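First up is the structure itself, then whatever we jot down about it.
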Amino acid sequence: MPTQSTTINKKTTKAKSKKRKISKNLVIVESPSKAKTIEKYLGSRYKVMASIGHIRDLPRSKMGIDVENNYEPHYISIRGKGPIIKDLRKEAKKAAHVYLASDPDREGEAIAWHLSYLLGLDPKEKNRVVFNEITKDTVKNAFKTPRAIDMDKVDAQQARRVLDRLVGYSISPLLWAKVKKGLSAGRVQSIALNLIIKRQKEIQAFKPEEYWSIDAQFKKQTKKFNASFYGINGKKLELSNNDEVKKVLAPIDKKKPFTIKDVKKSERVRKPMQPFTTSTMQQTANNVLKFKTSKTMMLAQQLYEGINLGKGGTVGLITYMRTDSTRISDVAKHQTSAFIRENYGEQYAALKPQAVKLSEGAQDAHEAIRPSAVLRTPESIAQYLTKDQLKLYTLIWSRFVASLMKPAIIDTVRVDIEQNDIYYRATGSQMKFPGFTKVYQESKRKDNILPDLVIGDEVMLVQNQPNQHFTLPPSQYTEATLIKTLEENGVGRPSTYAPTLSVIQKRYYVKLVTRKFEPTELGEIVNNIMVDCFPDILNVGFTANLENDLDSVEEGKQEWINVIDQFYGPFKNEVDQADEKLAKIKIKDEPAGIDCEICGAPMVIKLGRFGKFYACSRFPDCRNTKAITKEIGVTCPQCHKGQVIERKSKKNRIFYGCSRYPECEFISWDKPVGRDCPKCKHFLITKKTKKGMQVKCSNCDYVELIQK
């Protein structure tokens with residue numbers, strides 16, 4: 001007969017067994033780091049797995065679009081994702097419920113839809129969970145209100161994917177046949193390339209015009225101040241040559257005083273800028289931090305998905321980084337307003353936040369990019385971030401806080417100074433109330449304080465300095481200005497800018513020289529073909545309207561098939577005509593002026609996918625190739641035999657190495673100057689600083705000079 005204790009033990013064992021059999025909920029996200037963060041928030045009843053991005057896509061080996069059957073895409077599982085899909089299916093079968101928690105944009109919605117297909121889930125079921133920031137409360141609240149997959153968003157993403165595939169896989173084979181293998185063309189990348197080449201042509205065609213200015217220094221008693229020539233008889237006059245300057249200066253008597261004719265004092269109000277959208281973040285990070293767009297997005301992704309803050313655990317530091325909206329949630333506004341009052345004073349908090357005006361075509365699906373918690377100041381979490389993560393987080397945090405602060409108020413004064421009808425003008429400014437600039441300003445501002453001047457005062461001329469100038473051509477595009485231009489023209493969307501800039505460099509259509517885009521010969525060849533054969537693709541208005549059509553698909557106002565159909569008919573005709581009229585373009589090899597060290601035949605300069613290189617003219621009989629290198633006139637400081645040459649890394653970054661490599665493995669990211677350090681005898685290098693080029697030791701703290 002069983003004892004009471006035996007019965008209790010059996011019941012306990014059954015209870016434990018039953019507890020073990022309770023199924024967990026499965027949550028699927030894109031990245032492993034995001035999975036770890038969310039699993040900590042949700043607890044033991046949830047298992048979080050990562051799909052590692054997309055798991056289905058169009059095949060790479062063929063078009064994959066059935067144009068005869070309503071543009072039906074033929075999706076396949078991405079190569080290498082088999083084990084991931086197998087594991088997801090296995091866990092989905094035994095899960096109590098499956099939640100799809102990919103990113104809250106079109107791309108994320110499409111990933112969720114593909115997952116539902118592969119796992120046999122009903123897309124109409126409420127298994128889609130979205131959140132704009134990865135914090136404990138936000139994530140937990142999101143799981144209380146799951147929804148069905150938004151098929152309008154899926155259709156919009158699918159339409160973009162199909163459009164890009166139709167363009168890319170129709171034009172690229174044409175480029176391969178007529179120019180060379182490995183080339184590609186796309187809707188947005190072709191416009192970006194065309195903008196860069198148009199700007200380069202404007203620069204080449206530009207004719208500078210001469211103009212002059214006259215800078216002067218005056219003094220009132222002992223106080224000196226600067227002014228500039230304004231005009232004659234109070235009317236502004238532009239000076240176009242030195243003769244006109246001489247006429248202006250002729251009536252001036254340096255021994256006699258000038259008279260203050262007018263003094264105007266006013267207040268200038270500088271409003272804070274709105275918090276970041278994707279494109280403004282990319283532009284500002286490029287201008288202020290010198291980050292490439294791809295780097296900015298990589299760092300933003302890391303900040304969004306979560307950083308380990310020690311005892312605070314892993315937490316997402318910013319809201320979702322792909323957005324075109326400057327909207328801020330009411331909760332974030334109230335928290336930030338309280339933070340500003342407490343840390344900077346009541347007088348700094350905006351009484352009413354600026355009204356948000358959406359740019360044309362903005363989807364406003366998400367908030368602006370902001371810190372997930374304003375109390376996490378950059379200083380308080382600096383020890384947990386890398387140097388670059390901290391730079392970007394500081395930029396996002398300060399811009400957001402500043403957007404909810406009062407404007408800066410600047411006192412300005414304008415003074416007109418006259419003698420013999422010759423007018424000079426001086427302007428001064430002084431910060432009256434710093435407002436938002438206490439937290440955020442992209443460039444340093446200096447006060448220019450004039451002495452106290454009233455109408456009728458007399459001041460003496462200290463010196464005149466005429467200066468010759470010439471008008472400058474428009475600047476080449478940087479990553480920042482190109483993104484700004486694309487956005488202003490409605491071309492592309494937040495998620496497309498970084499990949500677009502990356503692909504035109506990867507294909508060697510353009511190169512970055514001192515952070516500015518220059519087209520290559522290959523880029524110009526491809527652009528000429530696009531201009532001649534595919535004018536609609538390069539028509540900014542046409543492409544912007546196409547983007548608006550995709551937005552209307554997401555809003556449920558249009559069928560995605562209709563959007564594709566309206567585009568594809570005329571486009572297919574252009575492709576057919578181009579195939580007939582385009583002759584094969586021969587890229588001529590240039591003589592290199594050196595002989596092949598293997599067979600003695602002349603070497604030529606060939607144009608490859610990654611730029612120009614030396615190759616033997618007897619190819620394919622002789623396959624000798626060499627990188628084109630540039631000597632800098634410095635003997636190698638390591639072997640003292642070879643020459644230091646300029647090389648490029650796989651990421652197109654310049655570095656310096658020995659011409660005798662691999663015998664000598666000398667390498668330096670900084671340019672050697674050809675002299676040794678007087679302190680430690682290591683080689684000296686040049687280092688770029690804010691003040692100019694600094695010559696310093698590669699080993700110790702010796703600094704020699706600064707060259708402007």
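Heads up: the sequence shown begins at 1 in UniProt numbering, then just goes up one per residue.
Even glycine gets a Cβ: it sits at the ideal position worked out from N, Cα and C.
None of the values given here were measured: they were computed from a predicted structure.
### Query
Expressed to the nearest angstrom, what Euclidean distance is found between the alpha-carbon atoms of Lys78 and Val154?
According to the sequence provided, residue 78 is Ile. The question's Lys does not apply to it. In this model, Ile78 and Val154 are separated by some 18 Å (Cα to Cα).
### Query
Over what stretch of residues does the beta strand (DSSP E) that includes His469 continue unbroken?
Run containing His469: Glu458 to Phe470, per the beta strand (DSSP E) assignment.
### Query
Is Cys700 buried or exposed, if buried means 16 or more other CB atoms sit within 10 Å of its CB?
exposed
### Query
Which residues mark the beginning and the end of the beta strand (DSSP E) in which Asn226 is found?
For Asn226, the uninterrupted beta strand (DSSP E) run begins and ends at Lys223 to Ile232, by DSSP.
### Query
Pick from Leu450, Ile65 and Ile483: whose alpha carbon is nearest that of Thr277?
Ile483
### Task
Could you pull the start and end residues of the beta strand (DSSP E) that Ala332 belongs to?
In the DSSP assignment, Ala332 falls outside any beta strand (DSSP E) and lies within the alpha helix (DSSP H) extending over Asp330 to Asn343.
### Query
Start and end of the beta strand (DSSP E) containing Glu267?
Phe258 to Arg270
### Message
If you follow the alpha helix (DSSP H) that Gly633 is in, where does it begin and where does it stop?
### Response
That residue, Gly633, is in no alpha helix (DSSP H); its beta strand (DSSP E) goes Lys630 to Thr635.
### Closest residue to Glu442 among Ala216, Ala285, Gly428 and Phe619 (Cα-Cα distance)
Ala285
### Query
Enumerated in chain order, which unbroken segments of the beta strand (DSSP E) with a length of 3 residues or greater are wholly contained in the segment 537-623?
Counting whole runs of 3 or more residues, the segment 537-623 contains the beta strand (DSSP E) stretches 590-595, 602-608 and 611-616.
#### Entry: Asp103 - DSSP class collapsed to helix/strand/coil
In the structure shown, Asp103 sits in coil (DSSP, three-state: anything other than H, G, I, E or B).
### Task
Identify, in the order they occur along the chain, each residue of the same chain with its Cβ nearer than 7 Å to the Cβ of Lys671, setting aside the five sequence neighbours on each side.
Ile632, Tyr656, Ile685 and Thr686
### Message
Once DSSP output is grouped into helix, strand and coil, what is the label at Asp364?
### Response
Low per-residue confidence applies at Asp364: pLDDT is 45, beneath 50, and the placement is therefore not dependable, though the value from the model is reported in the following sentence. Note: Asp364 maps to coil in three-state DSSP.
### Query
Can the beta-carbon of Pro272 be found closer than 7 Å to that of Met405?
yes
### Query
Roughly how many angstroms lie between the CA atoms of Ile587 and Lys333, to the nearest whole one?
59 Å
### Query
For Lys254, which option in Lys223, Thr625, Arg425 and Lys219 has the closest C-alpha, if you only look at C-alpha atoms?
Lys219
### Query
What did DSSP end up calling Phe131 once you bin it into helix, strand or coil?
coil
### Task
Thinking Asp416 and Asp215 are a contact (beta carbons under 8 Å), I'd like their distance in whole angstroms, please.
The Cβ separation is near 16 Å, so there is no contact.
#### Entry: Beta-ladder partner(s) of Asn448, from DSSP
Ser429
### Query
Alpha carbon to alpha carbon, what distance is there between Trp212 and Ser475?
Answer to the nearest angstrom: the Cα atoms are 21 Å apart.
#### Entry: Helix, strand or coil at Leu26 [DSSP, three-state]
Three-state result, Leu26: strand.
### Task
Return yes when the Cβ of Leu119 is within less than 7 Å of the Cβ of Ala92, no when it is not.
Annotated as proximal: Ala92 and Leu119, with beta-carbon spacing under 7 Å.
### Query
Using DSSP with H/G/I as helix, E/B as strand and the rest coil, what is Val510?
strand
### Query
CA-CA distance, Pro104 and Tyr304?
12 Å
### Task
For my contact list, Ser23 and Lys94 are in at a C-beta cut-off of 8 Å; report their separation, rounded to the angstrom.
The pair is a contact, with the Cβ atoms about 6 Å apart (cut-off 8 Å).
### Message
Let me confirm a value: Gln243 is counted as buried when at least 16 other C-beta atoms fall within 10 Å, else exposed. Which label applies?
### Response
Checking the displayed sequence, the identity of residue 243 turns out to be Asp instead of Gln. That one is exposed.
### Query
When the Cα atoms are used, what is the spatial distance from Ile318 to Leu512?
Here the alpha carbon of Ile318 sits roughly 30 Å from the alpha carbon of Leu512.
### Query
Are the CB atoms of Ile410 and Ser398 nearer to each other than 7 Å?
no
#### Entry: Status (buried if at least 16 other CB within 10 Å, exposed otherwise) for Gln465
By the neighbour-count rule (16 or more Cβ atoms within 10 Å), Gln465 is not buried but exposed.
### Task
For the beta strand (DSSP E) holding Thr437, just list the boundary residues, first then last.
It is not in any beta strand (DSSP E) - Thr437 carries neither H nor E in the DSSP assignment.
### Query
Which residue comes first and which comes last in the beta strand (DSSP E) that contains Lys516?
Per DSSP, Lys516 is one residue of the beta strand (DSSP E) stretching across Lys516 to Pro519.
### Message
Per DSSP, what are the beta-bridge partners of Thr412 in this structure?
### Response
Ser266 and Ser429
### Query
Just checking my contact of Glu487 with Ser279 at CB under 8 Å: how many whole Å lie between their CB atoms?
5 Å
### Query
Could you give the C-beta distance for Ile504 and Gln189, rounded to a whole number, given that I count them as a contact under 8 Å?
5 Å
### Query
Could you give the C-beta distance for Lys265 and Val459, rounded to a whole number, given that I count them as a contact under 8 Å?
Not really, about 17 Å apart at Cβ, beyond 8 Å.
### Query
The alpha helix (DSSP H) spanning Thr145 covers which residue range?
That residue, Thr145, is in no alpha helix (DSSP H); it is neither H nor E in DSSP.
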